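S.K.: Residue numbers (the UniProt record's numbering): 1 to 205. The C-beta atom is built at its ideal place from N, Cα and C for all residues, glycine as well. As the structure is a computational prediction, the values presented were derived from the model and not from experiment.
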């Protein structure tokens, strides 16, 4: 199932592909993972190289722990970046290279008012039009996308971390050729899949 939220960016009507609504129950408790570390690092190994994301549990505890939950469950291993928009975002976390949707748990509250902006290389959650509908999909901002921040008309998108190493890998992913995909009825899909091979917490390999 898809829903598109129209966004004003670069004078063009853009949208973020929203997460699947399939549901599943999981048994991981990420608040018990490195409980004294408010800024754990998660490594994302892709078919184009690896990059590190530093989570911000101080500003976005619910969102960070939700992301960690999916990481610990292996949810992101074997998925792809299904949306690549140069100068805007790269998004993944929901589909395998065969376009199978990964099951997700219940959505989380939107922590977009935490003071973290959608600046270059920040990491945020994708969601439906409902502001409190984020589940597993996430994106990296390729520019300072102020249109994704909360304002008087919109809740915005919750930032929960930032890329602290491997920026060149993210930029390389942003440069791949894209096109329309009949599989998900969406544009901006890499013509050659960019695979997320493994995602894990650094120090817990």
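Quick check: what's the CA-CA separation for residue 63 versus residue 56?
M.R.: So the alpha carbons of these two residues sit roughly 9 Å apart.
S.K.: Between which two residues does the beta strand (DSSP E) carrying residue 122 extend?
M.R.: Here the beta strand (DSSP E) through residue 122 covers 122-125.
S.K.: Comparing alpha-carbon positions, which option in 38, 89, 108 and 102 lies nearest residue 174?
M.R.: It is 89 whose Cα lies nearest to the Cα of residue 174.
S.K.: First and last residue of the alpha helix (DSSP H) that includes residue 97?
M.R.: First-last for residue 97: undefined, no H or E at that position.
S.K.: CB-CB under 8 Å to residue 180, same chain, minus the five flanking residues each way: which ones, in chain order?
M.R.: The residues are 186, 187 and 189.
S.K.: Which residues share a DSSP beta bridge with residue 200?
M.R.: 43, per the DSSP bridge assignment.
S.K.: Classify residue 132: buried if its beta carbon has 16 or more other beta carbons within 10 angstroms, exposed otherwise.
M.R.: So residue 132 ends up on the exposed side.
S.K.: Are the CB atoms of residue 196 and residue 54 within a distance shorter than 7 Å?
M.R.: Their beta carbons are not under 7 Å apart, which means residue 54 does not touch residue 196 by this criterion.
S.K.: Pop quiz: residue 68 and residue 159 are said to be a contact at Cβ under 8 Å. What is the actual Cβ separation, rounded to whole angstroms?
M.R.: Not confirmed; about 16 Å, so no contact.
S.K.: For residue 142 versus residue 87, is the C-beta spacing smaller than 7 Å?
M.R.: In this structure, residue 87 lies closer than 7 Å to residue 142 by Cβ.
S.K.: Exposed or buried, what is residue 204 when buried is set at 16 or more other beta-carbons lying within 10 Å of its beta-carbon?
M.R.: Exposed, because fewer than 16 other Cβ atoms sit within 10 Å of the Cβ of residue 204.
S.K.: To the nearest angstrom, how far is it from the Cα of residue 122 to the Cα of residue 145?
M.R.: Their backbone Cα atoms lie some 10 Å apart in a straight line.
S.K.: Under the three-state reduction of DSSP, which class applies to residue 74: helix, strand or coil?
M.R.: Here residue 74 sits in coil by DSSP.
S.K.: Between which two residues does the alpha helix (DSSP H) carrying residue 167 extend?
M.R.: Note, residue 167: alpha helix (DSSP H), 167-174.
S.K.: Would you call the CB atoms of residue 76 and residue 199 closer than 7 Å?
M.R.: Result yes, Cβ atoms of residue 76 and residue 199 sit closer than 7 Å.
S.K.: In terms of alpha-carbon separation, which member of 93, 81, 32 and 59 lies closest to residue 48?
M.R.: If we check each option's Cα against that of residue 48, 81 comes out closest.
S.K.: Would you identify the three-state DSSP class for residue 160, choosing helix, strand or coil?
M.R.: It is a strand residue.
S.K.: Just mark residue 22 as buried or exposed, buried being the case when its beta carbon has 16 or more other beta carbons within 10 Å.
M.R.: Unreliable placement is indicated for residue 22, whose pLDDT of 44 sits below 50; no coordinate value is reported for it.
S.K.: What residue range does the beta strand (DSSP E) around residue 140 cover?
M.R.: 138-141 is the span of the beta strand (DSSP E), which, as asked, contains residue 140.
S.K.: Quick one: Cα of residue 117 to Cα of residue 140, how far?
M.R.: The alpha-carbon atoms of residue 117 and residue 140 are separated by roughly 12 Å.
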